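Trainee: Going by the working numbering, the sequence shown opens with residue 338, and the numbers climb by one from there. No residue lacks a Cβ here, since even glycine has one placed at the ideal position from N, Cα and C. Keep in mind it's a predicted model, so treat the numbers as computed, not measured.
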Amino acid sequence: MADNNEPSAELEELKTGLAPWRQGDFTISTGEFPVAFLNENNVIEAGWDTVQGLVVVSQTCDIVNAVDLDDVVVVAPIVEVTDGLLEAIKFGTTTVGAVIENAILPTDVADLRYLATIRKSSLVKMERKEGFNSERTRDVFVNALERRYGRFAFPDALSDGPVITIRNRAKSLRKKNSPKANVYKSLRSIRLAADPDFDTPGAKIQFLLVLNDLPHVFAESKDIIVELESQEQADRFNWPATFEKHSPLFRVVTMDSLSAREWDNSRHVDLDFISWRNEA
Numbered sequence: 338m339a340d341n342n343e344p345s346a347e348l349e350e351l352k353t354g355l356a357p358w359r360q361g362d363f364t365i366s367t368g369e370f371p372v373a374f375l376n377e378n379n380v381i382e383a384g385w386d387t388v389q390g391l392v393v394v395s396q397t398c399d400i401v402n403a404v405d406l407d408d409v410v411v412v413a414p415i416v417e418v419t420d421g422l423l424e425a426i427k428f429g430t431t432t433v434g435a436v437i438e439n440a441i442l443p444t445d446v447a448d449l450r451y452l453a454t455i456r457k458s459s460l461v462k463m464e465r466k467e468g469f470n471s472e473r474t475r476d477v478f479v480n481a482l483e484r485r486y487g488r489f490a491f492p493d494a495l496s497d498g499p500v501i502t503i504r505n506r507a508k509s510l511r512k513k514n515s516p517k518a519n520v521y522k523s524l525r526s527i528r529l530a531a532d533p534d535f536d537t538p539g540a541k542i543q544f545l546l547v548l549n550d551l552p553h554v555f556a557e558s559k560d561i562i563v564e565l566e567s568q569e570q571a572d573r574f575n576w577p578a579t580f581e582k583h584s585p586l587f588r589v590v591t592m593d594s595l596s597a598r599e600w601d602n603s604r605h606v607d608l609d610f611i612s613w614r615n616e617a
């Protein structure tokens, strides 16, 4: 008699079918996406939207592992968007979608406003299409998911003043070719650090200005500091009384000079659209 703890033949077959799938892979084997809506009797019903296909947003480790035949993966619909919305998605000025490198149409994107689950046993019956050609491009997709569903929420006092001031400044310069625009194009990211943490009244706050790797640095460190300090004088910057400014408030760093502790104790300011990855 077979040991009950041994995997069934069906489960092993399912795992074999799942093995090639990766986060960001997609299928056009179906053109429908399930939706729920409230009917005229205030009863929730299920329906179907017409879409270009489905893209898997579950992490790869969750896709390929299966403990029973009812396991599911999370998918998002693939939809066609306008050129204007596509540009906004590529630059990260909206989190409603994510680019799929190998999409069938250049204007096809993952619509991150909607998610659904399907059984893995159904997924393996669909034709898999590789979503990305490298881990580097797949990381852009992963970052889009993180921005949509996992962003750290800064305290309102910081978000409504200093953070939004710098974000708006960077956004206003992203398409320009000027020394000030080059400041933001030189930054891989901006991270906000709090000592000891963001929950402590009187915590000291510092902006960590993380440079791109060469050759994607277009401004001197001193010019970067001058530009950010100019924003400190803006009316909307409005430093909150609940926090103190670290001295210095702005510090230019590199990925090599930033310590693991500093990375762990800081949070990313959502300026992904200025990343050199979108300028290459």
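(1) Under 8 Å Cβ to Cβ from D405, same chain only, skipping five residues before and after it: list those, please.
(2) Can the beta-carbon of L545 be found closer than 7 Å to that of V554?
(3) With DSSP as the reference, identify every bridge partner of D448, one or two as the case may be.
(4) Below 7 Å between beta carbons: does that hold for V433 and V412?
(5) Please report the distance separating the alpha-carbon of D619 from that of L482.
(6) Provide the residue(s) that pair with E382 in DSSP beta bridges, ordered along the chain.
(7) Checking the sheet assignment: what are the DSSP bridge partners for L391?
(8) Classify D534: buried if its beta carbon has 16 or more other beta carbons within 10 angstroms, exposed otherwise.
(9) What separation, rounded to the nearest whole angstrom, lies between the Cα atoms of W600 and F478?
(10) DSSP beta-bridge partners for H553?
(11) How would you label Q570, buried or exposed, when you count the other beta carbons within 10 angstroms and need 16 or more for buried?
(12) Where does the unbroken beta strand (DSSP E) through R604 begin, and where does it stop?
(13) With 16 as the cutoff for other CB atoms within 10 Å, does W358 come out buried or exposed?
(14) Our contact map puts D550 next to A540 with C-beta atoms below 8 Å; I'd like the distance itself, whole angstroms only.
(15) Would you call S603 buried or exposed, if buried means 16 or more other Cβ atoms sit within 10 Å of its Cβ?
(16) Classify F374 as buried or exposed, calling it buried when 16 or more other Cβ atoms lie within 10 Å of its own Cβ.
(17) Does DSSP put T579 in a helix, in a strand, or in coil?
(18) For the alpha helix (DSSP H) holding D532, just list the boundary residues, first then last.
(19) Considering only the alpha carbon of each residue, which of H583, P577, T537 and L524 lies closest to V590?
(20) Go ahead and pull the three-state DSSP assignment for A507.
(21) Quick one: what's K466 bridged to in DSSP?
(22) Once you ignore the five residues that flank F587 on each side, which residues in its own chain have a CB closer than 7 Å to its CB?
(23) Just tell me which of N505, V520 and F489 has its CA closest to the CA of D536.
(24) Please state if the CB of Q568 and the CB of R511 are separated by a distance shorter than 7 Å.
(25) Any idea what DSSP makes of I501, helix, strand or coil?
Mentor: Per the coordinate set shown:
(1) L348
(2) no
(3) G434
(4) no
(5) In the structure as shown, the chain begins at 338 and stops at 617. Residue 619 is therefore absent and cannot be evaluated.
(6) F374
(7) T364 and P414
(8) exposed
(9) 22 Å
(10) Answer is none; H553 lacks a bridge partner.
(11) exposed
(12) S603 to V606
(13) buried
(14) Not really, about 31 Å apart at Cβ, beyond 8 Å.
(15) buried
(16) exposed
(17) coil
(18) Note, D532: premise wrong, no alpha helix (DSSP H); beta strand (DSSP E) at L524 to D532.
(19) L524
(20) helix
(21) F363
(22) F544, L546, I562, L565 and E566
(23) F489
(24) no
(25) helix
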